[in-house]
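Chemist:
In my numbering, the protein residues as written are 5 to 149.
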């Protein structure tokens, strides 16, 4: 893929969220950026509803000490400034709106049920990683927090 086709952004997530993302990546067989994009494709369309702003702000209010760099396809990254502007207008962070929006959307997606997330990834990819989706180890992921 050409450099013009991807955008690099750094997100802030918790150690438990990072462990879950890595676990989902292993079960999916892709890389962390691919799994993050899959999660964004699942959650971003719902975030343009006014009712979604409060959960996003709650996610951003929790400390997220871990930095993670992701590569996003340009069309997906193009959606993030719009979401970032919504966050800023509703009291969210105004600095780095695309990165803050990506962090919030990714963290909101990762807050979902682990088995549902894994099953969604498997469904999105036509059954790829379905075996990994059923072998979720919540205790091991929780211990990484």
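From the three backbone atoms N, C-alpha and C, an ideal C-beta is built for every residue, glycine too.
1) Tell me whether residue 71 is buried or exposed, calling it buried when 16 or more other Cβ atoms sit within 10 Å of its Cβ.
2) Excluding the 5 residues flanking residue 77 on each side, which residues of the same chain have their C-beta closer than 7 Å to its C-beta?
3) Kindly give me the distance between the Cβ atoms of residue 13 and residue 51, rounded to whole angstroms, as I take these residues to be in contact under 8 Å.
4) In three-state DSSP terms, what is residue 44?
5) Just verifying my parser: in three-state terms, what is the DSSP assignment at residue 145?
6) Buried or exposed, going by whether 16 or more other CB atoms sit within 10 Å of the CB of residue 62?
7) In the DSSP output, which residue or residues are listed as bridge partners for residue 160?
8) Strictly by DSSP, which residues pair up with residue 63?
9) So who's on the other strand from residue 123, going by DSSP bridges?
10) Per DSSP, what kind of secondary structure is residue 138 in: helix, strand or coil?
11) Hey, would you say residue 107 sits closer than 9 Å to residue 48, going by beta carbons?
Modeler: By the coordinates alone:
1) Result: exposed.
2) 9, 10, 41
3) Rounded, the Cβ-Cβ distance is 16 Å, inconsistent with contact.
4) It is helical.
5) Reliability of the predicted coordinates at residue 145 is poor, the pLDDT of 35 falling under 50, and no value is obtained from them.
6) exposed
7) Missing from the structure shown is residue 160; the chain here goes from 5 to 149 and no further.
8) Under DSSP, no beta-bridge partner is assigned to residue 63.
9) As far as DSSP is concerned, residue 123 takes part in no beta bridge.
10) The pLDDT assigned to residue 138 is 38, lower than 50, so where the model puts this residue is not dependable, and the model offers no usable value.
11) no
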